[in-house]
Amino acid sequence: MIPVARTLCDTWEKKDPELWRRCHPRHYEGIGGFESTRFVALSIAFAIRWMEASEGTVPAANKDLACAASWAFRYDLPAFFVSPEFLADIAHTDLPEDIKWTETELPYEAGLLYLPPGAMRDPEGASVNVLVWWRARKGDQILVGSKKRIVCEEDQFTVIAICESESAHLYSRVISRTETEYIPPPTVNFNYVTDSPYDLPMTQSDKEFLSQMTALCFSLLLVQATNPELVTPGRRNGKQSKKRKREFWKPNFIGQGYAVRREYQGCTHTSPRTHWRRGHWTHTPIGKRKDNPDFIYAETLPHFVDGRINWGLVDDMTREKFWRCHKRQRIKPVLLIEGEAS
1029 MIPVARTLCD TWEKKDPELW RRCHPRHYEG IGGFESTRFV ALSIAFAIRW
1079 MEASEGTVPA ANKDLACAAS WAFRYDLPAF FVSPEFLADI AHTDLPEDIK
1129 WTETELPYEA GLLYLPPGAM RDPEGASVNV LVWWRARKGD QILVGSKKRI
1179 VCEEDQFTVI AICESESAHL YSRVISRTET EYIPPPTVNF NYVTDSPYDL
1229 PMTQSDKEFL SQMTALCFSL LLVQATNPEL VTPGRRNGKQ SKKRKREFWK
1279 PNFIGQGYAV RREYQGCTHT SPRTHWRRGH WTHTPIGKRK DNPDFIYAET
1329 LPHFVDGRIN WGLVDDMTRE KFWRCHKRQR IKPVLLIEGE AS
């Protein structure tokens, strides 16, 4: 964290302690190398106070961050730290085409995902260090700060990217139910609506980046529901800071100790070349099949020529029945290495 941001954190903690405690509810141990949680707290606090003071001038990304964090306060601002190996793994796994963000089980309706610095970068090269997610339902009322109330006009899924403190870049992507109930793959074909004079025009590379970060965020949320064993829950370690009376916690980790699957191709090079065989999601039957009239066999569904199920031709009732007797299964990607294993 740059010195200016560090000074602002100290000042904010002294002058607005109540809001600061909500934005920075706990001290984490063992997160060296990740973005400072105090810098993230500063970004949230700044967005909330700006919203309270002058909503009409707040850029879309700051407004989305203020709303997402305010909703996450309901769950005490949950945060998950993603290991570098697992992030590389999930980034090379294609999302299932039929997944609906409107009905997918999420660990929380809002929270934070801390990424290994440098693993993902924005179009200008700044490191994306934190992804914030927020799923809202039509009619939800969000209290931003102590006096600003926002009413959600429709169901929406929002992802915000907080970049390294040196850049201070902030991005957001909102998907509404009227736009689509699915998480689209990285694409540039969507409309980006601005509602502040401070918002800048979006370039094609910006739009492609927003789609990429949204798909990555949703993949990290989906895997927590399908593979809970990959999540190491955090816990309070019993210590408390004497100066500020804050609790110390072991963080929630996704993929702690995870190792990417590697295959060596047997060729020899001075500098071995690598490439990925992408992973994907499939399904496996669960429950009783014999004499079960409600069981839907995958073979009975319409398929593309390449063998994938054409979910666009499957009605909602059949789709629901199918997933009552099947569960999602992730086929892991493989890092292919042209060289001999050492």
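Quick note, the working numbering runs 1028 ahead of the 1-based positions in the sequence shown.
A virtual CB, placed ideally from N, CA and C, is assigned to each residue, including glycine.
Delimiting residues of the alpha helix (DSSP H) encompassing residue i
i, result
"Phe1114", "Pro1112 to Ala1119"
"Ser1071", "Thr1065 to Ser1082"
"Val1032", "Pro1031 to Lys1043"
For residue j and residue i, believed in contact at Cβ under 8 Å, the rounded distance
i, j, result
"Ile1211", "Trp1129", "6 Å"
"Val1156", "Leu1143", "6 Å"
"Phe1281", "Phe1109", "5 Å"
"Ala1147", "Leu1115", "5 Å"
From the options, residue whose alpha carbon lies closest to that of residue i
i, options, result
"Thr1254", "Ala1154, Phe1062, Asp1150 and Trp1351", "Trp1351"
"Arg1149", "Thr1312, Asn1338 and Cys1191", "Cys1191"
"Tyr1056", "Arg1336, Gly1283, Phe1074 and Pro1261", "Pro1261"
"Thr1132", "Val1158, Leu1363, Lys1355 and Trp1048", "Lys1355"
"Ser1239", "Trp1162, Ser1200 and Val1251", "Ser1200"
"Gly1307", "Arg1289, Arg1301 and Leu1105", "Arg1289"
"Trp1162", "Ala1154, Gly1153, Pro1145 and Cys1180", "Cys1180"
"Ala1138", "Ser1233, Thr1186 and Ala1154", "Thr1186"
"Arg1034", "Trp1048, Arg1066 and Arg1049", "Arg1066"
"Trp1304", "Tyr1103, Gly1335 and Ala1119", "Ala1119"
Distance CB(residue i)-CB(residue j) smaller than 8 Å
i, j, result
"Gln1169", "Arg1177", "yes"
"Leu1070", "Cys1095", "no"
"Val1202", "Asp1092", "yes"
"Ser1098", "Ile1076", "yes"
"Arg1263", "Trp1309", "no"
"Asp1322", "Lys1349", "yes"
"Pro1313", "Phe1237", "no"
"Pro1279", "Ile1072", "no"
"Val1158", "Val1068", "yes"
"Ala1107", "Leu1198", "no"
"Pro1135", "Gln1284", "no"
"Glu1194", "Ile1030", "yes"
Nearest-angstrom Cα separation, counted from residue j out to residue i
i, j, result
"Asp1122", "Pro1045", "43 Å"
"Glu1291", "Leu1258", "22 Å"
"Cys1353", "Asp1344", "15 Å"
"Glu1182", "Glu1366", "50 Å"
"Leu1248", "Leu1140", "11 Å"
"Leu1341", "Val1032", "55 Å"
"Phe1101", "Ala1164", "14 Å"
"Leu1364", "Glu1113", "15 Å"
"Met1379", "Asp1117", "Any answer about residue 1379 is impossible in this case: the structure gives the chain only from 1029 up to 1370."
"Glu1209", "Leu1250", "15 Å"
"Lys1175", "Glu1080", "7 Å"
"His1311", "Leu1329", "13 Å"
"Lys1235", "Glu1207", "16 Å"
"Glu1327", "Glu1125", "17 Å"
"Glu1041", "Gln1293", "55 Å"
"Asn1371", "Pro1053", "Given a span of 1029 to 1370 for the chain in the structure shown, any question on residue 1371 remains unanswerable."
"Ile1324", "Ser1064", "48 Å"
"Gly1084", "Ala1243", "29 Å"
Delimiting residues of the beta strand (DSSP E) encompassing residue i
i, result
"Glu1366", "Val1362 to Glu1366"
"Leu1093", "Unbroken run through Leu1093 is the alpha helix (DSSP H), Ala1088 to Ala1100; no beta strand (DSSP E)."
"Glu1275", "Glu1275 to Lys1278"
"Arg1358", "His1354 to Ile1359"
"Cys1191", "Gln1184 to Cys1191"
"His1311", "His1308 to Pro1313"
"Ala1164", "Val1156 to Ala1164"
"His1303", "Arg1301 to Arg1305"
"Arg1177", "Lys1176 to Val1179"
"Leu1171", "Gln1169 to Val1172"
"Val1202", "Leu1198 to Ser1204"
"Gly1139", "Ala1138 to Tyr1142"
"Glu1291", "Arg1290 to Tyr1292"
Cβ-heavy atom distance, residue i to the ligand NAD, below 7 Å
i, result
"Thr1065", "For the ligand NAD, the structure offers nothing, since it holds no ligand at all."
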